[in-house]
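Visitor: In the order they appear, the protein sequences are chains Z and P.
At position 57 of the first sequence (counting the first as 1) the number is 104 in the working numbering, and the numbers step up by one without a gap.
At position 115 of the second sequence (counting the first as 1) the number is 953 in the working numbering, and the numbers step up by one without a gap.
All residues carry an ideal CB built from backbone N, CA and C; glycine is no exception.
One structure, as structure tokens, below. Some questions next.
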Amino acid sequence: MKHSPIRAVAAAPQPLTRRALAKQLTRARLLEAAREMFADRGYEAATVRDIAAAANLSTGAVFASFADKADLFSEVIVAEYEFMHGAMVAATDETAPARATVLDLLTMAYDSYLTQIRLVQAALGFCWMRDLLSEQRHVQAVELVRGHLASVLQRGVDSGELSPTLDVKLTSEMLWETYLSNYRGVIFEGWGREALRARMTSQLDVLISERKLAA
Amino acid sequence: MREEGKQATRQRVLAAARDLFEEIGFEDATIRMIAQRAGVSVGSVFTTFTGKSEILSHVMSDRLEGMYAELDRVVPHLRGHTVDRLRSIMAVHYSIEMRRQRLFVAYVSASFSWTADQTVIPLGQNVRFKGVLADALIEGVARGEVREGVNVDVFVEVLLACYIWNYRLISREGAETARLIDLMDRQIGVMFEGVATR
């Protein structure tokens, strides 16, 4: 999952006026600068002033696009989830077994965030205290990723790999929660890629036990 | 005498902070407000604690006593199938934590940024909590309800991951205790299918 600075403007729904385009580009520049700053320093230490300076913009330009630092951070995280979703869809091999695919996708997510652990730490701490509006945006963005994992599991059920009795939605939610919880191991115990993959493998054994594999 | 005074201050500060965090939230509560409510000086708060985060972590450690007492009261009387015993243990936790839900959510939120402090039990690493769940599962093996060779640690780990993230439903949809317990019941059902004997 390589991050490209233009990804935030990739999906423009219709032709934009020059002014609207300039505004979108400014927004994209700010989101990119903010993501780097938050990943580098964490939420508290990253200031709006420094983010603006890194994007070669004025502090005023930040507040023209975002209500405050919390709003800016919230939008950075939403963009992350949207990007993660895109990367997961691109990396999904429709012909591979579902359980193995889920493990590969989550390992890929760990790979790209292990180097940005302060961003993850800030996001995981932050997601408990949001106002209702950004909460909705956040939930929708997470649902994209969770929904993709669910679609992989559903494919496994349809192909006969997984049991027809598998509760796909609930299992995908639990899988996602387990994925997130493992970041505690990264933050406090220093788990690396291999430790995470091994952990996730045995957790998958619990969530999608052998009995959920159709005989 | 001096030590006693210090202890009394500590207790008053923790009680005041616990109530204030629940009433107005952790973010908005200030040391000054905590000191005022506790009837002590701001300076004396700082001679006992380094800051708000440390106060929160001690408030949460102190709550464990009540939690353990409740578990001791409930666990010996658990009857029925292992899957239902697990459900009861989790329900006890939700019932207790939801009494001060803002406080608990603030604790979960803050816990991601705490650096390792030896005096604080990291969230999800409460040995007693994990032990009660592990024991219930192991007893289930003895009673022939759980198959042998089950990976107890990973089972408990996944259970706790779901348990904690379920609290997100409070801010997501204003969920109440019954909703959290109901969801946990279903999650335990999913996990248990994999370890149950047939």
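Using the Cα positions of P/Ser933 and P/Thr1035, report the straight-line distance between them to the nearest angstrom.
Guide: About 30 Å.
Visitor: Anything in chain Z within Cβ reach of P/Ala948, meaning under 8 Å, just list it in chain order.
Guide: By Cβ distance, chain Z contributes Gly172.
Visitor: Residues of the region 1010 to 1031 of chain P in Cβ contact with chain A at a cutoff of 8 Å, in chain order, please.
Guide: No chain A is part of this structure, whose protein chains are labelled Z and P.
Visitor: Report yes or no: do three or more beta-carbon pairs, one from the region 98 to 109 of chain Z and one from the region 161 to 173 of chain Z, lie closer than 8 Å?
Guide: Segments in contact, no.
Visitor: Kindly say whether P/Ser933, judged by its beta-carbon, lies nearer than 7 Å to any beta-carbon of chain Z.
Guide: Not one chain Z Cβ lies under 7 Å of P/Ser933.
Visitor: For a contact meaning CB atoms closer than 8 Å, what does Z/Glu182 contact in chain P?
Guide: What Z/Glu182 touches in chain P: Ser1009, Arg1010.
Visitor: Given that a residue counts as buried once 16 or more other Cβ atoms are within 10 Å of its Cβ, and exposed if not, what is Z/Gln250?
Guide: With 16 or more other Cβ atoms within 10 Å, it is buried.
Visitor: Would you say Z/Leu217 faces chain P, with C-beta separation under 7 Å as the test?
Guide: With 7 Å as the cut-off, Z/Leu217 counts as an interface residue toward chain P.
Visitor: For a contact defined as C-beta to C-beta under 9 Å, what are the partners of Z/Gln250 on chain P?
Guide: Those are Val992, Glu995, Val996, Ala999, listed as they occur along chain P.
Visitor: May I ask you to list, following chain order, the residues of the region 848 to 865 of chain P that have a beta carbon less than 9 Å from some beta carbon of chain Z?
Guide: Under the 9 Å Cβ criterion, the region 848 to 865 of chain P contributes Gly863, Phe864, Glu865.
Visitor: Below 7 Å on C-beta distance, what does Z/Thr225 contact in chain P?
Guide: What Z/Thr225 touches in chain P: Val996, Ala999.
Visitor: Mapping the DSSP letters down to three states, classify Z/Leu153 as helix, strand or coil.
Guide: Helix at Z/Leu153.
Visitor: Can you tell me the Cα-Cα spacing of Z/Ala67 and Z/Arg76, whole angstroms?
Guide: Taking the straight line from one Cα to the other gives about 14 Å.
Visitor: Looking only at its chain, what residues have a beta carbon closer than 7 Å to the beta carbon of P/Arg966, apart from the 5 residues adjacent to it on each side?
Guide: If we look at P/Arg966 and ignore the five residues flanking it on each side, its Cβ neighbours are Tyr906.
Visitor: Give the interface partners of Z/Arg270 over in chain P, defined as CB-CB distance under 7 Å, in chain order.
Guide: No information on residue 270 of chain Z is available, as it lies outside the stretch 48 to 262 that chain Z covers here.
Visitor: Under the rule that 16 or more other beta-carbon atoms within 10 Å means buried, what is P/Phe884, buried or exposed?
Guide: The residue is exposed, with fewer than 16 neighbouring Cβ atoms inside 10 Å.
Visitor: Output the distance between the C-alpha atoms of Z/Arg244 and Z/Val253, rounded to the nearest integer angstrom.
Guide: Their backbone Cα atoms lie some 14 Å apart in a straight line.
Visitor: So the candidates are Z/Gly89, Z/Gly239, Z/Arg240, Z/Thr212; which of them puts its Cα closest to the Cα of Z/Glu257?
Guide: For Z/Glu257, the nearest C-alpha among the options comes from Z/Thr212.
Visitor: Could you compute how far the alpha carbon of P/His896 sits from the alpha carbon of P/Glu841?
Guide: Distance between the alpha carbons of P/His896 and P/Glu841: 18 Å.
Visitor: Using only alpha-carbon positions, find the residue among P/Ala972, P/Gln939, P/Met871, P/Val930 that is nearest to P/Lys890.
Guide: Cα-wise, what sits closest to P/Lys890 is P/Met871.
Visitor: Report, in whole angstroms, the separation of the C-beta atoms of Z/Ser181 and Z/Ser228, which I expect to be a contact under 8 Å.
Guide: Incorrect: roughly 23 Å between the Cβ atoms, too far for contact.
Visitor: To which residues of the same chain is Z/Trp238 closer than 6 Å at the C-beta, ignoring the five residues directly before and after it?
Guide: Around Z/Trp238: Gly232.
Visitor: Under DSSP, the alpha helix (DSSP H) around P/Phe950 begins and ends at which residues?
Guide: That residue, P/Phe950, is in no alpha helix (DSSP H); it is neither H nor E in DSSP.
Visitor: How is Z/Leu209 classed by DSSP in three states: helix, strand or coil?
Guide: Z/Leu209: strand per DSSP, three-state reduction.
Visitor: Tell me whether P/Ala1034 sits in a helix, a strand or coil according to DSSP, three-state version.
Guide: Looking at P/Ala1034 - three-state DSSP - the assignment turns out to be strand.
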